[in-house]
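In this note's numbering, the protein residues as written are 1265 to 1438. Using N, Cα and C, we set each Cβ at its ideal position, and we do this for glycine too. Below is one structure; the comments refer to it alone.
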């Protein structure tokens, strides 16, 4: 992929969040133990489908629950495909929903080229760094009310800068 111009690369991925995210690390004053309270219940996850280019994050869709082939097709048709250009390379990982027949057909019909990352290779996908930034911020904000989660997700995605994206692409080797 080194021969493909960076501005033609579009990375697509999904991530899940819910209202029980807590910080994983903390610092305490003196020799006291760090304490935090985590919600006992496990709420239904909210899934985020998004894409990233070298110049920023775009084409975001959120919904409750996991990604189905119907939801993925809706995302492609209504959100991603109107945002990409002829000659773009749409690069994705390997969940079953990404390998449905319609995925390649829809992307190629737009004049773009679908590509798949090797199995178990999150280091090659710069959008994974975006998810890490987003989840870190959400952990800090401690969103515990379901109605506030999607606005918080969108707000964190607005904090992703073109400079962040350039760095993540460089880190992934593009």
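- The beta-carbon separation of residue 1355 and residue 1376, rounded to 10 Å, does not stay under the 8 Å limit for a contact.
- With a cutoff of 8 Å on beta-carbon distance, residue 1319 and residue 1429 are scored as near each other.
- Judged by beta-carbon spacing, residue 1409 lies beyond the 8 Å limit of residue 1331, meaning their Cβ atoms are not closer than that value.
- The C-alpha of residue 1427 lies about 35 Å from the C-alpha of residue 1365.
- For residue 1362, the closest C-alpha among the options 1273, 1373, 1400, 1337 is that of 1337.
- Closest by C-alpha distance to residue 1411, out of 1315, 1328, 1266, 1297, is 1328.
- Each residue's CA atom was taken as its position, placing residue 1369 and residue 1378 some 9 Å apart.
- Residue 1423 and residue 1342 have their C-alpha atoms roughly 24 Å apart.
- For residue 1414, the closest of 1324, 1305, 1315 by C-alpha to C-alpha distance is 1324.
- Approximately 4 Å separates the beta-carbon atoms of residue 1280 and residue 1309; this is inside 8 Å, confirming the contact.
- Sequence-distant Cβ neighbours of residue 1433 in its own chain, meaning closer than 7 Å and more than five residues away, are 1270, 1318, 1390.
- Residue 1304 is classed as exposed because its beta carbon has fewer than 16 other beta carbons within 10 Å across all chains shown.
- Beta-bridge analysis with DSSP links residue 1311 to 1280, 1327.
- Residue 1277 places its beta carbon 8 Å or farther from that of residue 1287.
- The distance from the Cβ of residue 1417 to that of residue 1316 is about 15 Å, inconsistent with a contact at the 8 Å cut-off.
- The straight-line gap separating the alpha-carbon atoms of residue 1360 and residue 1404 is approximately 32 Å.
- As a beta-bridge residue in DSSP terms, residue 1378 pairs with 1354.
- Taking C-beta atoms as the reference points, residue 1399 and residue 1435 fail to come closer than 8 Å.
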